[in-house]
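Peer 1: I am attaching a structure below and will ask some questions about it afterwards.
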Amino acid sequence: MGLPTLIELRGKLMATPSLYYVRLIVGDPEKLAPFYSDVLGLKETHRVYEPEHVRPHFEIFMSSGDQNQLILMKYLNQPTPVPGEARVAFLVENVDAAVAAAQAGGGTVVLPAETLEKYNFRWATVADPEGHTLEVMQFGV
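The opening residue of the sequence shown carries number 1 in UniProt numbering; numbering runs sequentially from there.
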């Protein structure tokens with residue numbers, strides 16, 4: 001008998017894995033927080049400012065009300081990475097409204113809204129004002 005696999009270990013640690021948070025490393029969390037609030041309805045839950053941490057940083061935590069969170073983080077002593085380091089997808093009630101809100105909030109459309117009837121969803125890709133991409137998805141269309 002060998003060592004347990006990672007899948008076997010995960011099964012013992014958590015019966016149903018779920019997303020806990022997504023952390024975007026950004027240049028200006030305070031500038032981007034209103035964008036994510038207006039486009040996705042996320043609410044700021046708290047802020048963390050750790051200038052003395054081994055990796056000094058500032059974070060804004062945002063949530064849709066459940067445990068899933070978006071964290072907008074800036075390292076205080078490091079350059080901001082190039083946007084595109086992560087792809088984040090959010091379920092929304094109306095893709096077209098989310099795209100319009102993104103544009104109104106200074107974002108841009110990367111891929112216009114499209115309905116994929118085969119998969120029963122509509123989606124689009126937008127970028128926030130710093131260029132980080134996010135997918136907005138609507139099922140049951």
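Glycine included, each C-beta is placed from N, C-alpha and C at the ideal position.
(1) Residue ranges of each alpha helix (DSSP H) run of no fewer than 4 residues wholly in the UniProt domain "VOC" (18 to 139), ordered along the chain?
(2) Using the rule of at least 16 other Cβ atoms within 10 Å of the residue's Cβ for burial, across every protein chain shown, is tyrosine 21 buried or exposed?
(3) Note down the Cα distance separating alanine 86 from glycine 131, rounded to an integer number of angstroms.
(4) Is the Cβ-Cβ distance between valine 110 and threonine 133 less than 8 angstroms?
(5) Please report how far the alpha carbon of valine 92 lies from the alpha carbon of phenylalanine 121, in whole angstroms.
(6) Could you work out which residue in Pro129, Glu30, Glu135 and Ile60 is closest to proline 112 when comparing CA atoms only?
(7) Strictly under 8 angstroms for the Cβ-Cβ distance: is aspartate 38 near chain D by that measure?
Peer 2: If we stick to the structure as given:
(1) 29 to 40 and 95 to 104
(2) Note on tyrosine 21: under 16 other CB atoms within 10 angstroms of its CB, so exposed under the neighbour-count rule.
(3) 11 angstroms
(4) yes
(5) 11 angstroms
(6) Glu135
(7) The structure shown contains no chain D; it is built from a single protein chain.
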